[in-house]
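A.B. asks:
In the numbering used here, the protein residues as written are 41 to 191.
Printed below as a string of structure tokens:
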């Protein structure tokens, strides 16, 4: 048991050192790709508040990147920041109106904002548009609708 505690403490210390290094790098990076990579690591570690910071840095660097807009919307949804997620998703959909992943995250953002009926209506419309356009990832919206109808 004591050995397990020591191992966990050691892992925590390594993570703290790693995070300090990441913080220093992200402050200096001019690469949205690197900032988004750090964000992905933090999402995996369920460090959502920190992930928001890193994704926001990626957005500062490259505010028109589809990947950055999607990831920031996603992490805002994870952080239960529906208003922010909706704003970024709308920016993304203005630039990339055929982005099914952004449509999917917009539906979640609407739901997280407390408007489940609006989310279902949005996803239904987005699914119809995506399907009629033959967009490959249209099934993401269908999956959202299946989950939403179970609420």
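Idealized CB from N, CA, C, for every residue including glycine.
Can you tell me whether residue 111 is helix, strand or coil according to DSSP?
C.D. replies: DSSP, reduced to helix, strand and coil, places residue 111 within a helical segment of the structure shown.
A.B. asks: At which residue ranges does the segment 122-154 contain complete beta strand (DSSP E) runs of 3 or more residues, listed in the order of the chain?
C.D. replies: none
A.B. asks: Check whether the segment 72-87 and the segment 102-110 touch, using three or more Cβ-Cβ pairs below 8 Å as the test.
C.D. replies: yes
A.B. asks: What first and last residue would you give for the alpha helix (DSSP H) that runs through residue 119?
C.D. replies: Segment: none, residue 119 is in no alpha helix (DSSP H) and carries neither H nor E.
A.B. asks: Counting only the same chain and skipping the five closest in sequence on each side, list residues whose C-beta sits under 7 Å from that of residue 138.
C.D. replies: 173 and 175
A.B. asks: Are residue 188 and residue 160 closer than 8 Å when you measure CB to CB?
C.D. replies: yes
A.B. asks: To the nearest angstrom, how far is it from the Cα of residue 108 to the Cα of residue 94?
C.D. replies: 11 Å
A.B. asks: Mind checking whether residue 147 and residue 166 have CB atoms under 8 Å apart?
C.D. replies: yes
A.B. asks: Given this structure, state the Cα-to-Cα distance separating residue 45 from residue 157, to the nearest angstrom.
C.D. replies: Low confidence applies to residue 45: its pLDDT is 48, below 50, so where it sits in the model is not reliable, and the reading given next is rough at best. Roughly 47 Å separates the two Cα atoms.
A.B. asks: In its own chain, which residues sit with a C-beta less than 8 Å from the C-beta of residue 145, not counting the 5 before and 5 after it?
C.D. replies: 110, 113, 114, 117, 125 and 129
A.B. asks: What three-state label does DSSP hand residue 45 in the structure shown?
C.D. replies: Confidence at residue 45 is low in this model, with a pLDDT of 48, below 50, so the placement of that residue should be treated as unreliable; the coordinate-derived value is given next. Helix, per DSSP.
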